[in-house]
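463 is the number of the first residue of the sequence shown in the numbering used here; add one for each residue after it.
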Amino acid sequence: MTHLNSQEAIYARLKYTYTLFENIRHKFNGAAIERGGYERTGVTSMYVRKFGEKAYAFLGDAKKCTVESSFTEEQEPYINETLSSLTAFIVGQKAKCSLAERVIYYYVHRTAPYFILAILKSTEEMLNEYLQAKPEDSAILDAIFRVAGGEGFRDLIRIYSPRLIDAVLANKKVSQPNTLAFVDIHDRYCKDDSGKTILAKYEVWCPGRTLARAYLNQCQIAAQELVDKHDVSFAASIEEFQVFPYELSIYMKQFVQSLVSPLLQRYGIS
463 MTHLNSQEAI YARLKYTYTL FENIRHKFNG AAIERGGYER TGVTSMYVRK
513 FGEKAYAFLG DAKKCTVESS FTEEQEPYIN ETLSSLTAFI VGQKAKCSLA
563 ERVIYYYVHR TAPYFILAIL KSTEEMLNEY LQAKPEDSAI LDAIFRVAGG
613 EGFRDLIRIY SPRLIDAVLA NKKVSQPNTL AFVDIHDRYC KDDSGKTILA
663 KYEVWCPGRT LARAYLNQCQ IAAQELVDKH DVSFAASIEE FQVFPYELSI
713 YMKQFVQSLV SPLLQRYGIS
């Protein structure tokens with residue numbers, strides 16, 4: 463029997479998933495692309511779940527709101543499995559260290575006084591080590607970042623992480639993004655029962671909420687330890703963000719692709 467961690471098993475999974483996500487590489491290969499495309503029949507809109515019929519007022523008086531995914535039903539289990547695996551890696555399971563430990567190290571030894579930059583560099587290191595440990599997930603992680611992962615990590619680093627500083631200094635726990643922060647709304651036109659063309663909406667749900675919560679918890683642990691044990695007093699600054707890539711979402715997508723490409727070459731996948 464072939465061991466799950468054998469090179470043959472890694473190659474087989476990588477080859478299969480590379481083919482499975484070919485449509486994602488083809489579609490999300492450059493400029494911003496509207497997500498969705500695969501309707502989830504029978505699934506109720508998150509806005510409708512939360513607000514009932516009043517949701518349609520929030521949705522620009524649209525008469526209908528459906529739910530779609532950018533991934534097929536065959537692809538989604540691989541996406542969810544990889545997100546779960548990466549989440550475990552973030553908190554230090556099957557990893558050399560947790561994200562919090564990485565952030566503390568980078569801040570103390572490399573990026574001080576820039577805390578958000580320490581988060582970015584720690585994230586890069588974490589993603590690199592994850593793919594070195596699990597090269598069979600390369601094509602899946604590439605698909606995640608092509609569709610929305612780049613934007614997701616951009617928001618975690620550029621929007622939510624700076625709030626950690628104020629929260630820690632005020633001895634408060636930072637608020638986690640709510641459910642609707644993981645719901646994108648898109649326009650579409652469709653026919654009603656009478657054949658009239660009407661404005662409708664569809665939602666695309668980001669599957670990375672659990673990962674995002676774990677990521678932000680790790681960043682807050684790091685910030686708290688830097689304050690408590692290293693006597694750090696910091697604040698986000700314009701100068702800090704000036705050393706960041708101009709468009710972090712594109713940078714993160716390209717960064718992951720730069721990690722994935724040599725792994726695909728190593729296993730002869732093309």
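Beta carbons: idealized from backbone N, C-alpha and C, even for Gly.
Judged by DSSP in its simplified three-state form, I602 adopts helix. Under the DSSP definition of a beta bridge, C527 partners with K663.
Counting along the chain, the unbroken alpha helix (DSSP H) around D690 starts and ends at 671-692. For I712, the closest of Y568, L582, T544, R608 by C-alpha to C-alpha distance is R608.
Uninterrupted alpha helix (DSSP H) stretches at least 4 residues long and entirely within the segment 528-614 occur at 538-552, 561-568, 577-595, 600-606, given in chain order.
Scanning its chain for C-beta atoms nearer than 7 Å, with the 5 sequence neighbours on each side dropped, one finds around E586 the residues F717, in chain order. Of all alpha-carbon atoms in F644, D628, W667, the one lying nearest the alpha-carbon of S699 is that of D628. CA-CA distance, A471 to G670, rounds to 26 Å. One thing to note: L582 has its Cβ within 7 Å of the Cβ of I619. DSSP places D646 inside the beta strand (DSSP E), whose first and last residues are 645-653. Closest in alpha carbon position to Q704, among G522, I578, K526, is I578.
Y500 carries a strand assignment under DSSP once its states are collapsed to helix, strand and coil. Assigned with DSSP and collapsed to three states, P639 falls in coil, not helix or strand. A distance below 8 Å between beta-carbons, with the five flanking residues on each side excluded, links T672 to the following residues of its chain, in chain order: L545, S546, T549. Separation of A574 and S584 (C-alpha to C-alpha, rounded to the nearest whole angstrom) is 13 Å. By the beta-carbon neighbour count (other beta carbons within 10 angstroms, threshold 16), Q682 is buried.
Apart from the 5 residues on each side of it in sequence, I566 sits with its Cβ closer than 7 Å to the Cβ of A684, E687, L688 in its chain, given in chain order. Beyond the five residues adjoining it in sequence on each side, Q638 comes within less than 7 Å, by CB distance, of R675, L678 in the same chain, given in chain order.
Counting C-beta atoms within 10 angstroms of its own C-beta, Q555 has fewer than 16 neighbours from the protein chains shown and is therefore classed as exposed. Of the candidates G611, G657, R650, D690, D690 places its Cα closest to the Cα of N633. Judged by their CB atoms, F483 and A610 are not nearer to each other than the 7 Å cut-off. Counting only the Cα atoms, D617 lies some 34 Å from A474.
The count of Cβ pairs closer than 8 Å, one atom from the segment 496-506 and one from the segment 530-540, reaches three, so the stretches are in contact.
In the three-state DSSP reduction, A471 falls in the helix class (H, G or I). Under the three-state reduction of DSSP output, E515 falls in the helix class. Using a Cβ distance threshold of 7 Å, H692 and E496 do not count as a contacting pair.
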